[in-house]
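K.L.:
Structure provided below as structure tokens; questions to follow.
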Amino acid sequence: MTARLLLRPRRVEEADVYRRLWTERDPRVPDHRRIDASGQPDLAAIAAYLRTEQEGPGLGLLAVLRKDVGDVVGYCGLVTTGNGSPEEPELAFELLSHVHGSGYATEAGGAVVAWADRAGHERLWAGVRAWNIASRRVLVKLGFRESGQVERDPVHGDSLLMVRTAGRASR
Numbered sequence: 001m002t003a004r005l006l007l008r009p010r011r012v013e014e015a016d017v018y019r020r021l022w023t024e025r026d027p028r029v030p031d032h033r034r035i036d037a038s039g040q041p042d043l044a045a046i047a048a049y050l051r052t053e054q055e056g057p058g059l060g061l062l063a064v065l066r067k068d069v070g071d072v073v074g075y076c077g078l079v080t081t082g083n084g085s086p087e088e089p090e091l092a093f094e095l096l097s098h099v100h101g102s103g104y105a106t107e108a109g110g111a112v113v114a115w116a117d118r119a120g121h122e123r124l125w126a127g128v129r130a131w132n133i134a135s136r137r138v139l140v141k142l143g144f145r146e147s148g149q150v151e152r153d154p155v156h157g158d159s160l161l162m163v164r165t166a167g168r169a170s171r
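Take the sequence shown: its letter number 135 is residue 135 in full-length UniProt numbering, and every next letter is one higher.
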């Protein structure tokens, strides 16, 4: 919980919010992370995924709710897929476009990073497209820095691997 936000496990009945995130994604996002020509993933597929969604103890994606309105505006959490592992998870976040620029990503990410520090995670990772300046700014505010590892992608834009060491910006 933060001053303006509540973070809690995601729920199946929120599938429509998470599908809306898929529809709002930048066209440069790789195809497997966008709605395809047949409309997949549809609401049923996202709900099915939410029913089975699991990570290790204390890990996983959390719903981000605005306290004053009570609505779910996205997710934030730690995952072991992609660049993460149970020992060094990856921070992931995504918010609906109508709340971009509100500071919610930084606020939610800060709560998750603080929890990770308290839980003893020495290092966190985050993968971000080079063109995603807003997310890169959030990560820098949270103490992440570029690791120097870049996955080149001339079609979707290079993916930067950012890293954060517990309690301070990474060296």
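Positions of the beta carbon are idealized from the N, C-alpha and C atoms, including for glycine.
For clarity, every value in this text was computed on a predicted model and none was experimentally measured.
Using the beta-carbon count (16 or more within 10 Å), is Gly39 buried or exposed?
P.N.:
Label assigned to Gly39: exposed.
K.L.:
Since Glu94 sits in a beta bridge, which residues does DSSP pair it with?
P.N.:
Paired residue(s): Tyr75.
K.L.:
Does DSSP put Gly109 in a helix, a strand or coil?
P.N.:
Residue state, collapsed to three classes: helix.
K.L.:
Roughly how many angstroms separate the alpha carbons of Asn132 and Gly84, rounded to a whole number?
P.N.:
Going by the C-alpha atoms only, they are around 20 Å apart.
K.L.:
According to the Cβ coordinates, are Leu5 and Leu65 closer than 9 Å?
P.N.:
Against a cut-off of 9 Å, the Cβ pair of Leu65 and Leu5 comes out as a contact.
K.L.:
Cutting at 6 Å between CB atoms, please list the residues of its own chain near Leu96, excluding the five before and the five after it.
P.N.:
Cβ neighbours of Leu96 beyond the five flanking positions: Val73, Gly74.
K.L.:
Can you find at least 3 beta carbon pairs, one from the region 147-156 and one from the region 109-124, that sit closer than 8 Å?
P.N.:
Contact fails: fewer than three Cβ-Cβ distances are below 8 Å.
K.L.:
Using only the alpha-carbon positions, how far apart do Arg10 and Ala134 sit?
P.N.:
Rounded to whole angstroms, Arg10 to Ala134 spans 24 Å at the Cα level.
K.L.:
Give the straight-line distance between the Cα atoms of Ala3 and Val29, rounded to the nearest whole angstrom.
P.N.:
Computed Cα separation, rounded: 32 Å.
K.L.:
What three-state label does DSSP hand Ala37 in the structure shown?
P.N.:
Residue state, collapsed to three classes: coil.
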